[in-house]
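J.:
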Amino acid sequence: MPSQNGTASQGAARVALVHDWLNQQGGAENVLEELVHLFPDAPVYTSMYDRRAMPDAYRAWDIRTTFMQRLPGVTRHHQKYLAAYPLAFQRTDVSDYDLVISNKSAFCHGVQTQSARGKALHVCYCLTPTRFLWLFDHYRERENIGGTAGAALQPLLAHLRRWDYAAAQRVDHFVAISSEIQRRIRDIYHRESVVIHPPVDTDY
Numbered sequence: 001m002p003s004q005n006g007t008a009s010q011g012a013a014r015v016a017l018v019h020d021w022l023n024q025q026g027g028a029e030n031v032l033e034e035l036v037h038l039f040p041d042a043p044v045y046t047s048m049y050d051r052r053a054m055p056d057a058y059r060a061w062d063i064r065t066t067f068m069q070r071l072p073g074v075t076r077h078h079q080k081y082l083a084a085y086p087l088a089f090q091r092t093d094v095s096d097y098d099l100v101i102s103n104k105s106a107f108c109h110g111v112q113t114q115s116a117r118g119k120a121l122h123v124c125y126c127l128t129p130t131r132f133l134w135l136f137d138h139y140r141e142r143e144n145i146g147g148t149a150g151a152a153l154q155p156l157l158a159h160l161r162r163w164d165y166a167a168a169q170r171v172d173h174f175v176a177i178s179s180e181i182q183r184r185i186r187d188i189y190h191r192e193s194v195v196i197h198p199p200v201d202t203d204y
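Per the working numbering, residue 1 is the first one in the sequence shown, and the count goes up by one each step.
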């Protein structure tokens, strides 16, 4: 069983947390804070991190970013780098941990959990299957994406949906935040999950 101190005691399971991005505060970040509270010694792997936009408490965390951290303007306009996230996370090798918990609403479940170094148990706490890939019409209306731009995005979205689905098949266990998300996981990823409601407010 994982220690609540993550990696604190000798012989305890080594735990890593994975999060999509850290440049805005919302429901996903509230969930991450609870995970850090449970596993305070676990590093947090994420695509990029904007220290100025996040609470000061995050500066005490062991946050490890990807090559995306160096991309110009990424913390302000992370949507423009949509195609880079799969590469960033699949290059993130966490296979030498015992337990990896991905706090997913986008791409972070695609981290590498198996390599010559070992195999980590990967539990995905799924806030939602990636909405702008699988529920694009709803997302387009909310973000006011025009018809021409939406049509131009379709080839990229089709590629990302294939990647997203394949990454979901490599997850060992899914945990859903609600029965609605459990249904989406089953319908989209064809995976079963258990429901554990988060101890914070979310809107997915």
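Beta carbons: idealized from backbone N, C-alpha and C, even for Gly.
1. Figure out for me which residue from TYR45, LEU17, THR46, ASN23 has the closest Cα to the Cα of GLU34.
2. Tell me where the alpha helix (DSSP H) around SER179 begins and ends.
3. Would you identify the three-state DSSP class for ASN30, choosing helix, strand or coil?
4. Write down the C-beta distance between ASP50 and LEU22 rounded to the nearest angstrom, noting that I regard them as a contact closer than 8 Å.
5. Does the segment 107 to 115 come into contact with the segment 156 to 173, if we say contact requires no fewer than three beta-carbon pairs (one atom in each stretch) closer than 8 Å?
6. Could you please give the first and the last residue of the uninterrupted beta strand (DSSP E) stretch that includes LEU99?
7. When the Cα atoms are used, what is the spatial distance from GLU143 to ARG191?
8. Please confirm whether ASP98 and VAL15 have their CB atoms less than 8 Å apart.
9. What residue range does the alpha helix (DSSP H) around TYR45 cover?
10. Taking only three categories from DSSP, how would you classify VAL175?
11. Determine the direct distance from the alpha carbon of ALA88 to that of PHE67, and round the result to whole angstroms.
12. Helix, strand or coil for ASP93, going by three-state DSSP, please let me know.
13. Should the segment 71 to 78 be regarded as contacting the segment 123 to 135, the criterion being three or more beta carbon pairs within less than 8 Å?
14. CA-CA distance, ASN30 and SER95?
15. Tell me which same chain residues have a C-beta within less than 6 Å of the C-beta of ILE63, skipping the five on either side of it?
16. Taking C-alpha atoms, which residue in ASN103, ALA120, ARG117, SER115 lies nearest to ALA176?
17. Would you call ARG184 buried or exposed, if buried means 16 or more other Cβ atoms sit within 10 Å of its Cβ?
18. Do you know how far the Cα of ALA13 is from the Cα of ASP20?
19. Whole-angstrom Cβ separation of ALA83 and LEU153, contact assumed at under 8 Å?
20. Along the chain, where does the alpha helix (DSSP H) that runs through LEU135 open and close?
T.: Short version:
1. The shortest Cα separation from GLU34 among TYR45, LEU17, THR46, ASN23 belongs to LEU17.
2. Taken as a continuous stretch (DSSP letters only), the alpha helix (DSSP H) holding SER179 covers 179 to 184.
3. Correct three-state label for ASN30: helix.
4. 7 Å
5. yes
6. 99 to 104
7. Residue placement at GLU143 is poorly supported in this model, since its pLDDT is 49, which falls under 50; the coordinates still yield a value, given next. Roughly 29 Å separates the two Cα atoms.
8. Yes. Within cutoff.
9. From DSSP, TYR45 is part of no alpha helix (DSSP H) but of the beta strand (DSSP E) over 44 to 46.
10. strand
11. 7 Å
12. strand
13. no
14. 26 Å
15. Correct list, in chain order: VAL44, TYR49.
16. ASN103
17. buried
18. 23 Å
19. With a beta-carbon spacing of about 10 Å, ALA83 and LEU153 fall beyond the 8 Å limit used to define contacts.
20. First-last for LEU135: undefined, no H or E at that position.
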